[in-house]
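I have placed the structure first, in the form of structure tokens, so that the comments after it can refer back to it.
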Amino acid sequence: RVSVDRGHPSTQLEEAVTFSWPGIYQRRGDDSTEEDMQQQEGEEDDGRVLRRITISTLLEEDDLAPLFGGCQWAGTRLWGAAVRAIQYLAGHLEMQENSINGSSGAKFELNKCGDNTTTLLELGCGLGVPGMIYHMLGSNVVLTDQEDILVQLEKNLEDNFQSTVISNESSSPDSTPAKQYIRAMPLSWSRKGVHSLLEHLQLSTAGFDIVLNCDCVFEPLYGKSWHLLNETIDELLRVNPKCVVVSSMERRGPADGIDLFIEEMKNMEYVGSVEKVYYEEKRKIEIYVTRGLGE
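To convert, take the position in the sequence shown, counting from 1, and add 814; that gives the numbering used here.
Next up, the structure:
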């Protein structure tokens, strides 16, 4: 469940986004965000309430300048494609078991060996809501975007995940990774950028289990940056061929660039398959699942 809090009735300016997730609890009056969050199977609600996460969408004055110099403003909004993406990953999205608009209706499946905690990388995360929810469900998450809009994201993580957030200021490449964590990192889409990120995270050989991108393709706003997005995805699949890439996008016209993005993705060197698994007619949202050559 996602709701938008508006703090100024006269202007209707959005101040924050507040969200909760089925089965994620905290005790009433308990602000320690990591304890008593998940309801165990068969256990009754004994004074717990759904855990609510509130993330600010307000920027400090010094952080506003970059928004008017390009497309970064989009990273301060919660888009429908992001909501559908986390619903899909968590198995809460009603799938159409048919081939309407070419969608297969296939549910999300992760081919993962071992008992290690699932890792998720979100590309162009903006507010990072899908990644935050997936972390609440038990995964280790790295949220990435352009460096000049990470200040807001890092503050929201520190406010809501005090016991599991890893701050870039307090960590070093040589530090031992935490058992459970969520963190924000800058990432410039490129093979070189992927190498630097994985090296810093000590994941150069393991890579990530899941790579998520939501509404990262829209040519009128982002230009042809989808070329670099495909390069980034391809490199992540080279490192971990069993990685599953989920791309959730809203159609905004024939010139949005999505068809070109998907067609190029199918021909990338380390891509084994690209499957359209979901289509929503009302909001024109499509979800694609991309798998590597190891699948």
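Even glycine gets a Cβ: it sits at the ideal position worked out from N, Cα and C.
According to the DSSP secondary-structure assignment, residue 840 is paired through a beta bridge with 863.
For residue 954, the enclosing beta strand (DSSP E) has its first and last residue at 954 to 959. Note that the C-beta distance between residue 1063 and residue 1095 is not below 8 Å. Beta-bridge partners assigned by DSSP to residue 1100: 1063, 1093. Sequence-distant partners of residue 1048 (beyond 5 residues in either direction) whose C-beta falls short of 7 Å from its own C-beta, in its chain, are 1082, 1083, 1084, 1085. Nearest Cα to residue 1026 within the set 1033, 938, 892, 924: 938. Taking the CA atoms as reference points, residue 901 sits about 26 Å from residue 1020. Nearest in C-alpha terms to residue 1037, of all of 1009, 1072, 1028, 1051, is 1072. In the DSSP annotation of this structure, the continuous segment of the alpha helix (DSSP H) that includes residue 1052 starts and ends at 1040 to 1053.
Restricting attention to 918, 925, 1041, 966, the CA atom closest to the CA of residue 1088 is found in 918.
Scanning 1010, 831, 837 for the CA closest to the CA of residue 906 turns up 837.
Within the model, the alpha-carbon separation for residue 895 versus residue 1068 is close to 18 Å.
Residue burial annotation: residue 966 is buried, with at least 16 other C-beta atoms found within 10 angstroms of its C-beta.
Within a 10 Å sphere around the beta-carbon of residue 976 sit fewer than 16 other beta-carbons, which makes this residue exposed. By the CB criterion at 8 Å, residue 950 and residue 835 fall inside the cutoff.
DSSP places residue 998 in the strand class (E or B) of the three-state scheme. Judged by their CB atoms, residue 941 and residue 1024 are not nearer to each other than the 8 Å cut-off. Residue 1024 sits in a strand when the DSSP states are folded into three classes. Taking residue 1079 as reference, the option from 956, 1045, 1022, 1000 with the minimal CA-CA separation is 1045. Listed in chain order, the non-local C-beta contacts of residue 926 below 8 Å within the same chain comprise 932, 1023, 1056, local neighbours out to five positions each way being set aside. Residue environment for residue 1018: exposed (fewer than 16 other C-beta atoms within 10 angstroms of its C-beta). In summary, residue 863 is exposed, with fewer than 16 beta-carbon neighbours lying within 10 Å of its beta-carbon over all protein chains present. Relative to the Cα of residue 978, the nearest Cα in the group 963, 994, 969, 1011 belongs to 994. According to the DSSP assignment, residue 1077 belongs to the alpha helix (DSSP H) that extends over 1072 to 1080.
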